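Quick note on the working numbering: the first sequence kicks off at 4 and runs consecutively. By construction, the Cβ of each residue, glycine as well, lies at the ideal position given by its N, Cα and C atoms. For clarity, every value in this text was computed on a predicted model and none was experimentally measured. Written below as structure tokens is the structure these notes are about.
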Amino acid sequence: MAPLPDDPEELGTPSFPDDLNDPQRLAAAHVDGPLLIFAGAGSGKTRVIVYRIANLVAVHRVPPYKILAVTFTNKAAGEMKHRLEGLLGDSVAKDLYVGTFHAICARLLRRYHDAAGLERSFVIYDDSDQRAVMNRVLKELELDEKRFPPRQVLSRIHKQKQEGKGPADFQPEGFFDEPIKRCFEAYQRHLQAANAVDFDDILLHVLRIIEDPASMPGEEIRRRFRYVLVDEFQDVNQVQYRLVRAFASSPPHNLCVVGDDDQSIYRWRGADVRIVRGFRKDFPGAQIVKLEQNYRSSNNIVKGALGVIKPAKDREPKELWTDNRDGEQIGVIACDNEHDEAAFVVERIRELTERGLSAKEVAVFYRTHAQSRVLEEVMRAERIPYQIIGGVRFFERAEVKDLLSYLRVVANPRSDVDLLRIINKPSRKLGDTTLDKLVQMADGRNTSLYESIQALCDSGSINSGTRHSLLSFRDLLQKLMKAARDTRPSQLAELVLAESGYTKMLDADDSTENEARKQNLSELVGSILDYEEEALSAGEETSLSGYLERVTLSSDIDALEDAPRVAMMTVHAAKGLEFDSVFITGMEEDLFPFRNADPSRNEDVEEERRLAYVAVTRARTRLWITYAGRRMIFGQTRFGLPSRFITDLPRSTVRQGATPALERQQSTRETGNVGSVYARVRAGGSPWSHPQERAASSGGATYPGRPKAEPERAPGERYVEREPELDQGGGEDGAIHVGGRVQHKTFGVGLVMSIDNGADPIVSVKFSGYGVKRIKAAFLQRAGG
DNA sequence: CCTAGCCATGCTGAT
DNA sequence: CATGGCTAGG
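Shown next, in the form of structure tokens:
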């Protein structure tokens, strides 16, 4: 081990004030036993973790390999490691175990694979792989996928797994659930047979090992980690919590968890705020510390954020405050529609960058990925460099998945899902008929598809051409597997592309799509090279499994580059980040807070509120919040009202405005939907006297704060129905126009909600008793009224 | 057996 | 709006 400084001062301490709950003293304090830190947004919690670790090693002489630090993203883990390398030196830092729950458990599982009944080369199945497995299961169990949609079945299963339950623990609720239990069993059986795990399994396998008192590997893991630190503790689920407790089960039980219940935004993914709130009950001796000073944001932003979070129920009481100056007010901007909104955002960004702000200090947030497209178009048109985090992910592109599937089959030939994906890419004239036979053969013999190829060829049930194709495919794989033994992963990838004929297939016609595909594939090979370089410099061995694991566990945010480009992302992805200037777009009721059309998927306004709080607290000096009166989203035009979260911003922290387009409209006409929203905002009476505020106590069951003044709506209908100011039909006789009434021979008279113009216009019409239908204009007649 | 093109259907958030 | 499943035609 490298020589270490004895004095923490030598580590380069952060400049925190000498306060009671001061992060610096907190970092240095040697607390044996559990410690819970409630760390408000921008209070420097990551710094606390970093310095606690540094102090443990440097001052208290804790061997680094005994320390486990859990972060929320791989990127955060990388940054933490980087900072620790700076403080402690590379050779010490490399013995620290830092990573996400998934990365840490995957690493442990690679090592203790036997205890989980896996081979070392196991692969991790992502969402679409899981769906492919489920499709096969449904077919096998002869279940109708209309009645049992694979996604829904999987979601039930994931819910179980997130609570630590297996198929045997599944308690069917009613008649419909019985098949789900059988799906669960079959699904797990298929994964095991394929030597594969899904995201939940990674944690569950390790949990089973570590909670088993008789397990040797379990004992080994429990004894190893003596100092456990967990960041973003408010977003752990039950399984992760059990892991944490098991990790910290050996003396001195030095467990330090850091979190902020106000920033818990992953309940839908199994996270449970009650864990952090109930921590002091589970650990009666726990010390509890609160960090309430915000070092990040201007006073206006902090006060605005407080306004947003204050109405939240069941908060751990705490007061966020800052010494920072007031700064600019939060710009709340009314926009006409999403294009207008995007234009506004881009123009402000242009101003900022022209004044010398680096584009990487600017971020644009939205609630859903679907909102990114319009923003992206305008950014591109205006030549603002940007990067989108998430959305249609690189690793989900067809050609990228194809190459990865080849690599995964080479690493683990039992992975049926991957084999099916590539067996006919490029075309080897192996169609559904042959593949069905192969699946049947494998099911009958209880082996993998790969192992059944020979058997099928011997069975005589296929013709010689097909047999030849099958065998040459198997030979290809064998050749690649052989090559894999003494080739670096990147070279293997090149070999796959060349030998499989994949490149040839793309070369066959030189369409722009194929050019893009080839580019994506070289980018993938580039990412393998990056991996190899990193692994080598960290003194690790490069392995195909290692790369594949990293790819599957990489999160969107891990891809955030340190380049001078504006970052665009969902608010969820923004968690843990900070920027000088932030735009929060689409701040409209029913979009943010998001409201699902299906009332059975009862979303949680409380969580949306915390999400808004996270969004606001990302900004250091400038913050704009925009909303549009009208928005085309999910293929429909919706009319929106400013979000309740806008209403919650203290007035003193806000400056209101509107886009020029809206200003112009406003001066020429005072009627209509957008105008009225805007008029209320401008008049200053609203959104601060937004109807929902007055109706706050009398709202419906699912959405307590719904506007009272709005017209009645059908169940599941989302947006306020009103007369838009634009009359698309031009108003002349006989034309169908938005807001007008039309007649349909089956559904009767209905109200026109929106029109998709085109060669064959499609009209959305709300019929009483039938809800909103999309119907070709040709089938409609204008009705009086 | 493959391909292209049509229709339909869902569509929050993500390791 | 985008993806996927299905059908018809090559």
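- [ ] Could you give the DSSP three-state label for T450: helix, strand or coil?
- [x] Within the first sequence, residue 450 is the residue found at index 447, counting from 1. In the structure shown, T450 sits in coil (DSSP, three-state: anything other than H, G, I, E or B).
Open item on the list: Need the endpoints of the beta strand (DSSP E) that M635 sits in, please.
Closed with: To locate residue 635, count along the first sequence from 1; it is residue 632. R633 to I636 is the span of the beta strand (DSSP E), which, as asked, contains M635.
Task: Cβ-Cβ separation, N138 to T103 (assumed contact under 8 Å), whole Å - done: The residue given as residue 103 occupies position 100 in the first sequence. The residue given as residue 138 occupies position 135 in the first sequence. Not a contact, Cβ separation roughly 29 Å.
- [ ] Just confirm the distance between the C-beta atoms of F642 and M590, as a whole number of angstroms; I'd bet it's less than 8 Å.
- [x] Looking up residue 642 in the first sequence gives position 639. Looking up residue 590 in the first sequence gives position 587. No, F642 and M590 are not in contact; Cβ-Cβ is about 15 Å, not under 8 Å.
TODO: Could you tell me the distance, in whole angstroms, from the CA atom of Q522 to the CA atom of E516?
DONE: Against the first sequence, residue 522 aligns to sequence position 519. Against the first sequence, residue 516 aligns to sequence position 513. Distance between the alpha carbons of Q522 and E516 is about 10 Å.
TODO: Would you kindly check if the distance between the Cβ of I587 and the Cβ of F368 is under 7 Å?
DONE: On the first sequence, residue 368 is found 365 positions in, with the first residue counted as 1. On the first sequence, residue 587 is found 584 positions in, with the first residue counted as 1. Yes, these two residues count as a Cβ contact at 7 Å.
- [ ] Using DSSP bridges, identify the partner residues of S826.
- [x] The shown model of the chain, from 4 to 788, leaves out residue 826, and the question about it has no answer.
Open item on the list: Suppose you measure from the CA of Y68 to the CA of K428; what does that come to, to the nearest Å?
Closed with: Stepping through the first sequence from its first residue, residue 68 is reached at position 65. Stepping through the first sequence from its first residue, residue 428 is reached at position 425. Cα to Cα, the separation comes out at about 45 Å.
Task: Closest by C-alpha distance to V574, when choosing among P287, A274 and I391 - done: Position 571 of the first sequence, counted from the first residue, corresponds to residue 574. Here the closest residue by C-alpha is I391.
TODO: Give me whichever residues DSSP pairs with A80 in a beta bridge.
DONE: Along the first sequence, read from residue 1 onward, the residue named residue 80 stands at position 77. Within the DSSP secondary-structure output, A80 pairs in no beta bridge.
Open item on the list: Please classify M444 as buried or exposed, where buried requires at least 16 neighbouring CB atoms within 10 angstroms.
Closed with: As a working mapping, residue 444 is identified with position 441 in the first sequence. M444 counts as buried, since no fewer than 16 other beta carbons sit within 10 angstroms of its beta carbon.
Open item on the list: As an exercise, report each continuous beta strand (DSSP E) stretch of at least 3 residues that is fully enclosed by the region 110–178, in chain order.
Closed with: Listed in chain order, nothing qualifies, since the region 110–178 has no complete beta strand (DSSP E) run of 3 or more residues.
Task: Distance, R245 Cα to D275 Cα - done: Against the first sequence, residue 275 aligns to sequence position 272. Against the first sequence, residue 245 aligns to sequence position 242. Going by the C-alpha atoms only, they are around 12 Å apart.
Open item on the list: Helix, strand or coil for F597? Go by DSSP, reduced to three states.
Closed with: Taking the first residue of the first sequence as 1, we reach residue 597 at position 594. In this structure, F597 counts as strand in the three-state DSSP scheme.
TODO: Within the same chain, show all residues whose beta-carbon is closer than 7 Å to that of G733, passing over the 5 residues directly before and after it, in chain order.
DONE: Along the first sequence, read from residue 1 onward, the residue named residue 733 stands at position 730. Because G733 carries a pLDDT of 33, less than 50, the predicted location of this residue cannot be relied on, and no value is offered for it.
- [ ] Check whether the Cβ of A119 sits closer than 6 Å to any heavy atom of the ligand ATP, and report yes or no.
- [x] The model on display carries no ligand, and the ligand ATP is accordingly not part of it.
Task: Residue environment, D405, which counts as buried when at least 16 other CB atoms sit within 10 Å - done: Here residue 405 corresponds to residue number 402 of the first sequence, with the count starting at 1. Buried: at least 16 other Cβ atoms inside 10 Å.
Open item on the list: Let's test the definition: count the other Cβ atoms within 10 Å of the Cβ of I291 and tell me whether it reaches 16, buried, or not, exposed.
Closed with: As a first step, residue 291 is located in the first sequence; it is residue number 288 there, counting from the start. Exposed, because fewer than 16 other Cβ atoms sit within 10 Å of the Cβ of I291.
Open item on the list: With a threshold of 7 Å on Cβ separation, who are the neighbours of R448 within its own chain once the five nearest residues in sequence on each side are excluded?
Closed with: Translated into positions along the first sequence, residue 448 becomes position 445. The answer, listed in chain order, is S455 and A458.
Task: Distance between A570 and V305 (C-alpha atoms, nearest Å) - done: In the first sequence, counting from the first residue as 1, residue 305 sits at position 302. In the first sequence, counting from the first residue as 1, residue 570 sits at position 567. C-alpha separation (whole angstroms): 22 Å.
Open item on the list: Under 8 Å, with one C-beta from each stretch per pair, do the region 90–105 and the region 263–271 reach the 3-pair mark?
Closed with: In short, these stretches do not touch, since the Cβ pair count stays below three.
- [ ] Could you round the C-beta distance between T629 and C338 to whole angstroms and report it? I think they count as a contact, below 8 Å.
- [x] On the first sequence, residue 629 is found 626 positions in, with the first residue counted as 1. On the first sequence, residue 338 is found 335 positions in, with the first residue counted as 1. At roughly 5 Å, the Cβ-Cβ gap stays under 8 Å, so T629 and C338 are in contact.
- [ ] Could you tell me if S375 is buried or exposed, where buried requires 16 or more neighbouring beta carbons within 10 angstroms of its beta carbon?
- [x] Indexing the first sequence from 1 puts residue 375 at position 372. Buried is the call here.
Open item on the list: Taking 8 Å as the limit between beta carbons, can you name the residues of its chain near G167, skipping five residues before and five after?
Closed with: Here residue 167 corresponds to residue number 164 of the first sequence, with the count starting at 1. Excluding sequence neighbours, G167 sits near L207, L210, Q241, V242 and R245.
Task: Assumed close pair L294, F41 - CB separation to whole angstroms, cut-off 8 Å - done: Residue 294 sits at position 291 when you count from the first residue of the first sequence. Residue 41 sits at position 38 when you count from the first residue of the first sequence. The pair is a contact, with the Cβ atoms about 7 Å apart (cut-off 8 Å).
Open item on the list: Quick check on E122: buried or exposed, where buried means 16 or more other Cβ atoms within 10 Å of its Cβ?
Closed with: Mapped onto the first sequence, residue 122 falls at position 119. Exposed.
Task: N- and C-terminal bounds of the beta strand (DSSP E) containing Y100 - done: Numbered from 1 along the first sequence, position 97 holds the residue referred to as residue 100. Secondary structure note for Y100: its beta strand (DSSP E) is the uninterrupted segment Y100 to G102.
Task: Three-state secondary structure assigned by DSSP to P645 - done: Residue 645 sits at position 642 when you count from the first residue of the first sequence. Residue state for P645 is assigned as strand, using DSSP reduced to three classes.
Open item on the list: Less than 7 Å between the C-beta atoms of V528 and M484, yes or no?
Closed with: If you number the first sequence from 1, residue 528 lands on position 525. If you number the first sequence from 1, residue 484 lands on position 481. Contact annotation: V528 and M484 have beta-carbon atoms that are not nearer than 7 Å.
Task: Cβ pair G621, A661 closer than 7 Å - done: Taking the first residue of the first sequence as 1, we reach residue 621 at position 618. Taking the first residue of the first sequence as 1, we reach residue 661 at position 658. The identity of residue 621 in the sequence shown is Arg, whereas the question assumes Gly. R621 places its beta carbon 7 Å or farther from that of A661.
Open item on the list: Can you tell me where the alpha helix (DSSP H) holding V528 begins and where it ends?
Closed with: Within the first sequence, the letter at position 525 stands for residue 528. From DSSP, the alpha helix (DSSP H) with V528 extends over T515 to S540.
Open item on the list: Beta-carbon within less than 7 Å of D263's beta-carbon, same chain only, minus the 5 sequence neighbours each way: which residues are those?
Closed with: Counted from its first residue, the first sequence places residue 263 at position 260. In chain order, F41, A42, G43, A44 and Q237 place their CB closer than 7 Å to the CB of D263, counting only its own chain and leaving out the 5 sequence neighbours on each side.
TODO: Please specify which runs of the alpha helix (DSSP H), each continuous and at least 4 residues long, are wholly inside the region 216–244, giving them in chain order.
DONE: Counting whole runs of 4 or more residues, the region 216–244 contains the alpha helix (DSSP H) stretches 219–227.
TODO: Using three-state DSSP, classify L323 as helix, strand or coil.
DONE: As a position in the first sequence, residue 323 is number 320, starting the count at 1. Here L323 sits in coil by DSSP.
Open item on the list: Run through the DSSP bridge pairs and tell me what R658 is partnered with.
Closed with: What you label residue 658 is simply residue 655 of the first sequence in a count that begins at 1. Residue pairing by DSSP puts R658 in a beta bridge opposite G334.
- [ ] Name, in chain order, the residues that DSSP records as bridge partners for L39.
- [x] Residue numbering aside, residue 39 sits at position 36 when the first sequence is read from its first letter. For L39, the pairing in a beta bridge is given by DSSP as V260 and I291.
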